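*Asks:* Residue numbering for the sequence shown follows full-length UniProt numbering, starting at 1 and increasing by one per position.
I have a structure here, written as structure tokens, and I will follow up with some questions on it.
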Amino acid sequence: MEQKDFLELAAKVAGGKASDEELRLYASIYERFQQDKRLSWDAAKYGDENRLAALLDSRLRPARRRRAWIPVSAAATILLSIIIGSYFFLNRSAKQSSQQLASKDDVAPGHSRATLVLANGKKITLTRSLNGEIATEGQTRIDALDGQLVYQSASGNQETGFNTLTTARGEQSPYPVVLADGTRVWLNAQSSLTFPVNFSGAERVVKLSGEAYFEVTHHAAHPFKVQTAGGIVEDIGTQFNIHAYPDEKHESATLLEGAVKITTKESSRLLKPGEQAKYRQGNIEVRDVDTEESVAWKNGYFMFNDVALASVMQELGRWYDVDVRFEEESLRQLTFVASITRYTNISKVLQVMEMTRQVRFKIEGRVITVYPGNVR
1 MEQKDFLELA
11 AKVAGGKASD
21 EELRLYASIY
31 ERFQQDKRLS
41 WDAAKYGDEN
51 RLAALLDSRL
61 RPARRRRAWI
71 PVSAAATILL
81 SIIIGSYFFL
91 NRSAKQSSQQ
101 LASKDDVAPG
111 HSRATLVLAN
121 GKKITLTRSL
131 NGEIATEGQT
141 RIDALDGQLV
151 YQSASGNQET
161 GFNTLTTARG
171 EQSPYPVVLA
181 DGTRVWLNAQ
191 SSLTFPVNFS
201 GAERVVKLSG
211 EAYFEVTHHA
221 AHPFKVQTAG
231 GIVEDIGTQF
241 NIHAYPDEKH
251 ESATLLEGAV
261 KITTKESSRL
271 LKPGEQAKYR
281 QGNIEVRDVD
291 TEESVAWKNG
301 YFMFNDVALA
311 SVMQELGRWY
321 DVDVRFEEES
331 LRQLTFVASI
341 TRYTNISKVL
351 QVMEMTRQVR
361 FKIEGRVITV
371 YPGNVR
């Protein structure tokens with residue numbers, strides 16, 4: 001197959017437009033590259049939208065059709081571009097540089113782990129291996145059951161104690177917590193969710209710091225509200241993601257299904273599916289977004305769509321529990337488009353960005369230093 005034909009095929013797979021036959025062809029070609037790592041193709045521009053760079057050893061997210069796990073975006077072919085108005089390419093020397101990065105030092109990905117703090121202050125470490133009843137809070141039983149942390153409350157229970165689910169840097173909740181009303185919540189790294197063991201009032205209110213994805217059980221007479229430092233997100237029959245880290249300038253809420261109402265001290269907005277609101281105490285800005293990017297963390301991968309390097313490294317820092325230093329402040333403003341699994345060593349992620357030849361990285365323990373170009 002000619003290079004041009006392969007690039008066109010890869011773009012169709014990444015965009016979810018490939019037929020079953022094309023998906024099988026792509027998978028077979030990828031296997032050939034896995035078997036012979038010497039193969040490489042220079043990156044080239046496809047159409048007016050995508051720049052395709054090539055061939056890393058990492059497992060990637062499924063194609064959007066979700067028929068099977070296909071190595072898209074950051075495996076055999078990585079949809080990766082840096083928005084600086086110039087083309088980029090790969091060659092053998094760049095690949096050798098990436099191999100040197102991995103051999104000097106590396107950091108493993110984060111863990112599926114969280115800590116549950118009960119009303120009496122007792123702490124329970126949650127892992128995937130935990131199973132069965134883990135605690136009781138009054139008339140509420142807490143079970144690790146079928147890949148979920150489930151709160152089961154007796155009928156008429158008026159228990160009002162609060163529990164807190166937390167994740168540290170380098171952690172992500174191993175499974176969703178199913179609240180007493182049936183609402184399911186997933187927690188990202190360095191986050192905390194405080195909630196009642198049983199919902200007994202007119203409103204169902206939880207408090208969030210960090211990032212979480214919600215699938216809310218809707219009760220019109222008992223609205224579900226998420227309080228953050230910057231405002232309140234109210235469910236109206238909904239699936240949504242909230243990004244509310246205290247060390248960032250803005251919070252955001254992204255709606256996948258249903259509707260939510262965002263309220264701050266100064267304004268209020270209603271979101272439609274596919275919209276994202278950014279806010280911090282005051283004004284609310286709403287825009288259309290690719291919701292897949294907002295929930296990529298929940299689905300096991302990083303997805304950056306024209307995202308500043310400062311924000312990219314901030315997200316990597318939380319998941320890999322590393323600190324980041326920039327040799328030059330201007331590097332923070334470079335923007336990237338990339339997608340890669342979260343469950344690989346950090347060197348693999350950094351190699352993707354190094355292929356643009358715009359940045360270089362040095363790993364020393366748990367400190368990542370960002371340099372311009374080929375400077376080391």
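Every residue, glycine too, gets a C-beta built ideally from N, C-alpha and C.
Just so you know, these numbers come straight off a predicted model, no measurement behind them.
Nearest by alpha-carbon distance to Pro246: which of Val307, Lys265 and Tyr279 is it?
*Replies:* Tyr279
*Asks:* Quick one, are the C-beta atoms of Ser252 and Ala212 less than 9 Å apart?
*Replies:* no
*Asks:* Provide the residue span of the beta strand (DSSP E) that contains Trp186, from first to last.
*Replies:* Arg184 to Leu187
*Asks:* Which of helix, strand or coil does DSSP assign to Ile346?
*Replies:* helix
*Asks:* With DSSP as the reference, please indicate the residues paired to Tyr175 in a beta bridge.
*Replies:* None; Tyr175 has no bridge partner.
*Asks:* Taking only the alpha-carbon atoms, compute the straight-line gap between Glu215 and Trp186 and give it to the nearest angstrom.
*Replies:* Each residue's Cα considered, the two are about 9 Å apart.
*Asks:* Can you name, in chain order, every residue of its own chain whose Cβ lies under 6 Å from the Cβ of Glu257, other than the five neighbours on each side?
*Replies:* Gln239 and Pro273, listed in sequence order.
*Asks:* Considering only their Cβ atoms, is the gap separating Asp290 from Asn305 smaller than 9 Å?
*Replies:* Asp290 is positioned such that its CB atom lies closer than 9 Å to that of Asn305.
*Asks:* With distance defined between alpha-carbon atoms, name the residue in Thr217, Lys298, Ala308 and Gly282 nearest to Ala229.
*Replies:* Gly282
*Asks:* Measure the C-alpha to C-alpha separation of Thr127 and Glu364 and round it to an integer number of angstroms.
*Replies:* 29 Å
*Asks:* What does Ala135 pair with, by DSSP beta-bridge criteria?
*Replies:* Ile142
*Asks:* Please give me, in chain order, every unbroken run of the beta strand (DSSP E) with length at least 3 that falls completely inside the UniProt domain "FecR protein" (175-261).
*Replies:* Within the UniProt domain "FecR protein" (175-261), the complete beta strand (DSSP E) runs of at least 3 residues fall at 184-187, 191-196, 204-215, 224-227, 232-235, 239-244 and 251-257.
*Asks:* If you draw a straight line from the alpha carbon of Val205 to that of Ser191, how long is it in whole angstroms?
*Replies:* When rounded, the distance between both Cα atoms is 17 Å.
*Asks:* Only counting the same chain, and skipping five residues up and downstream in sequence, which positions put a Cβ closer than 7 Å to that of Lys249?
*Replies:* Arg280
*Asks:* With burial defined as no fewer than 16 other Cβ atoms inside 10 Å of the residue's Cβ, what is the status of Ser129: buried or exposed?
*Replies:* exposed
*Asks:* If you pair each beta-carbon of the region 134-152 with each one of the region 173-183, do three or more pairs fall below 8 Å?
*Replies:* yes
*Asks:* I need the straight-line Cα distance from Gln339 to Gly300, nearest angstrom please.
*Replies:* Residue 339 is actually Ser in this sequence, not Gln. Distance between the alpha carbons of Ser339 and Gly300: 11 Å.
*Asks:* Who are the near neighbours of Met353 in its chain, counting only those whose CB is closer than 6 Å to its CB and skipping five residues on each side?
*Replies:* Val359
*Asks:* Using 8 Å for Cβ pairs, my map puts Ala168 next to Leu208. What's the rounded Cβ distance?
*Replies:* At roughly 16 Å, the Cβ-Cβ gap does not stay under 8 Å, so Ala168 and Leu208 are not in contact.
*Asks:* If you draw a straight line from the C-alpha of Asp288 to the C-alpha of Ala259, how long is it?
*Replies:* Their Cα atoms are separated by approximately 14 Å.
*Asks:* Could I get the ranges of all uninterrupted alpha helix (DSSP H) runs contained in the region 253-328, with 4 residues as the minimum, in chain order?
*Replies:* 291-294 and 309-320
*Asks:* I'd like to check one pair, Arg325 with Gly170: are the Cβ atoms closer than 9 Å?
*Replies:* Going by C-beta atoms, Gly170 is not nearer than 9 Å to Arg325.
*Asks:* What does the Cβ neighbour count give for Leu80, buried or exposed, with the cut at 16 atoms within 10 Å?
*Replies:* Note that Leu80 has pLDDT 39, beneath the 50 cutoff, so the model's placement of it is unreliable and the number below is only indicative. Leu80 is buried by the Cβ-count criterion.
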